[in-house]
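Trainee:
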Ligand SMILES: *[C@@H]1O[C@H](CO)[C@@H](O)[C@H](O)[C@H]1NC(C)=O
Ligand SMILES: *[C@@H]1O[C@H](CO)[C@@H](O)[C@H](O)[C@H]1NC(C)=O
Ligand SMILES: *[C@@H]1O[C@H](CO)[C@@H](O)[C@H](O)[C@H]1NC(C)=O
Ligand SMILES: *[C@@H]1O[C@H](CO)[C@@H](O)[C@H](O)[C@H]1NC(C)=O
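Numbering (mature numbering (1 follows the signal peptide of the UniProt record, and there is no 0)), first residue to last: -28 to -1, 1 to 336.
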């Protein structure tokens, strides 16, 4: 006699199917093997926590809407853009910060983001230590080496890395904590806004070429937001009729305008390169009240320490955080990050991304 009766086998099969279905619902496989994140405070998820710098926020009220209400070092009340993109890509866990990532967890990708960092090494120096984009690339070189050791097959690793998504968002601090801080930096006396955009793009191009040489193929380059509308910049320079500092937005637009040609250049000149440009200006444009935002002052009690613009520790933030654009004097709320991440992943307008969105990039 067979060890199991037929009905036993049938119910076992059903149980296995249900289990499999549940696993599928709980944890759909990620669309790509790994996700690497480069950037500044907009994506930092704790890399600055042990640095000597003013640009760290591992204290309440930061994280008030994060898992377990923990202040992880994210410059936000909840998730940042990279966290949300990671979820869209199907990852069950947050991408680990480089500062603490150990062992096989690096196979799913690493977040190198560091508050205060820039394309130029000196940017953000006024705040203290940070991992500049050059240092983030050096750290990535170490990760790539470690992945090679873990996988033990160079051609496999090369193929693996070519399938991953890389997002890069650098440049805000080259303006906020460099060009627009003339008492601490020479750049605004050395370069016109046009020349500065050119100088930044030239260095950025070299740096992104390093990322390509390290094996990155599917790279989303994020443009800069409307920095001239950040409360701290408005306090510092005074608002124009638009409610923002128009000259700052105009200077930043010169940088953004050069990113589409940069992406075109990479895609036509580097074999298998699939670079895309995320147009934050377009994503942020339009009437914010239509998206449910009605308050333009920061949600938390921002520091009076000029240039810092972060929340004062341990003071209660606003309660209806969904209607605020700004969390502190520089950084958007989770609600805004959610829109940015959602439209970067799935373009809501043809101008949100060029030549495709992150979802299409993942499938390429
Ligand atoms: C949240 O708290 C629970 C219970 O203490 C813990 O198991 C879990 O790991 C925490 N999650 C995070 C992301 O810290
Ligand atoms: C190394 O990886 C390549 C590409 O995935 C594969 O074809 C090859 O069989 C692997 N070599 C060994 C020794 O496992
Ligand atoms: C980005 O969006 C802005 C605002 O809609 C638009 O003026 C600009 O042409 C867009 N750039 C690209 C490369 O699509
Ligand atoms: C984020 O946006 C998506 C899509 O619009 C929405 O379904 C979701 O509820 C939002 N989540 C948060 C936390 O705002």
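From the three backbone atoms N, C-alpha and C, an ideal C-beta is built for every residue, glycine too.
Taking only heavy atoms of ligand 2 into account, decide whether any of them is closer than 7 Å to the Cβ of residue 310.
Mentor: No.
Trainee: Name the two residues that bound the continuous beta strand (DSSP E) containing residue 246.
Mentor: That run of the beta strand (DSSP E) goes 246 to 250.
Trainee: Please state whether DSSP places residue 100 in a helix, a strand or coil.
Mentor: Residue 100 falls in the strand class under three-state DSSP.
Trainee: Say the cut is 7 Å; is the CB of residue 128 nearer than that to a heavy atom of ligand 2?
Mentor: Yes, the beta carbon of residue 128 sits closer than 7 Å to at least one heavy atom of ligand 2.
Trainee: From the DSSP output, read off the bridge partner residues of residue 24.
Mentor: DSSP, once it has assigned bridges, lists no residue as partnering residue 24.
Trainee: What's the C-alpha gap between residue 131 and residue 3?
Mentor: Their Cα atoms are separated by approximately 15 Å.
Trainee: Please go through the segment 91 to 175 and give each complete beta strand (DSSP E) segment of 3 or more residues, from N-terminal end onward.
Mentor: Qualifying beta strand (DSSP E) stretches, in chain order: 137 to 141.
Trainee: Please classify residue 215 as buried or exposed, where buried requires at least 16 other C-beta atoms within 10 Å of its C-beta.
Mentor: Result: exposed.
Trainee: Skipping 5 residues on each side, what residues in its chain have a beta carbon closer than 6 Å to that of residue 261?
Mentor: Here the set comprises nothing.
Trainee: Can you list, in chain order, the residues of its chain with a C-beta nearer than 7 Å to that of residue 113? Leave out the 5 residues immediately preceding and following it.
Mentor: So the list reads 186, once near-sequence residues are dropped.
Trainee: Short of 7 Å in beta carbon distance, which residues of its chain neighbour residue 136, apart from the five on each side in sequence? Order them along the chain.
Mentor: Counting only Cβ-Cβ distances below 7 Å, and skipping sequence neighbours, we find 4, 5, 6, 7, 8, 81 and 190.
Trainee: When you compare the CB positions of residue 330 and residue 321, do they come within less than 8 Å of one another, or not?
Mentor: No, the Cβ-Cβ distance between residue 330 and residue 321 is not below 8 Å.
Trainee: Roughly how many whole angstroms lie between the Cα atoms of residue 171 and residue 68?
Mentor: For residue 171 and residue 68, the distance between alpha carbons rounds to 32 Å.
Trainee: Please list the terminal residues of the continuous beta strand (DSSP E) segment that includes residue 192.
Mentor: Looking at the DSSP string, the run of the beta strand (DSSP E) that includes residue 192 is 190 to 194.
Trainee: Leaving out five residues on either side along the sequence, give the residues of the same chain with a beta carbon under 7 Å from the beta carbon of residue 328.
Mentor: Answer for residue 328: 248, listed in chain order.
Trainee: Look up residue 310 in the DSSP assignment and say whether it is helix, strand or coil.
Mentor: Correct three-state label for residue 310: helix.
Trainee: Roughly how many angstroms separate the alpha carbons of residue 252 and residue 77, rounded to a whole number?
Mentor: Each residue's alpha carbon lies about 30 Å from the other.
Trainee: Along the chain, where does the alpha helix (DSSP H) that runs through residue 205 open and close?
Mentor: Run containing residue 205: 203 to 209, per the alpha helix (DSSP H) assignment.
Trainee: Count the other C-beta atoms from every protein chain shown that fall within 10 angstroms of the C-beta of residue 13, then say buried if there are 16 or more, exposed otherwise.
Mentor: It counts as buried.
Trainee: Is residue 309 closer than 8 Å to residue 30 when the C-beta atoms are compared?
Mentor: Cβ distance not < 8 Å, so residue 30 and residue 309 don't count as in contact.
Trainee: I'd like to check one pair, residue 95 with residue 150: are the Cβ atoms closer than 8 Å?
Mentor: In this structure, residue 95 lies closer than 8 Å to residue 150 by Cβ.
Trainee: Could you compute how far the alpha carbon of residue 217 sits from the alpha carbon of residue 205?
Mentor: Looking at the two C-alpha atoms, the distance is approximately 7 Å.
Trainee: Would the C-beta of residue 131 count as close to ligand 2, meaning under 7 Å from any of its heavy atoms?
Mentor: Answer for residue 131: yes, Cβ within range of ligand 2.
Trainee: Does the distance between the C-beta of residue 326 and the nearest non-hydrogen atom of ligand 3 fall short of 7 Å?
Mentor: Within the cutoff, so yes.
Trainee: Give me the DSSP bridge partner(s) of residue 11.
Mentor: Answer is 141, bridged to residue 11.
Trainee: Can you grab the Cα-Cα spacing for the pair residue 65 / residue 1, in whole Å?
Mentor: Going by the C-alpha atoms only, they are around 12 Å apart.
Trainee: Is the beta carbon of residue 176 within less than 7 Å of some heavy atom of ligand 3?
Mentor: No, the Cβ of residue 176 stays beyond 7 Å of every heavy atom of ligand 3.
Trainee: Give a yes or no on whether the C-beta atoms belonging to residue 35 and residue 46 are separated by under 8 Å.
Mentor: In contact: residue 35 and residue 46 (Cβ atoms closer than 8 Å).
Trainee: Going by DSSP, what residue range makes up the alpha helix (DSSP H) through residue 335?
Mentor: Element bounds for residue 335: 330 to 335.
Trainee: On the DSSP bridge assignment, give the partners of residue 267 in chain order.
Mentor: Note: residue 267 sits in a beta bridge opposite 296.
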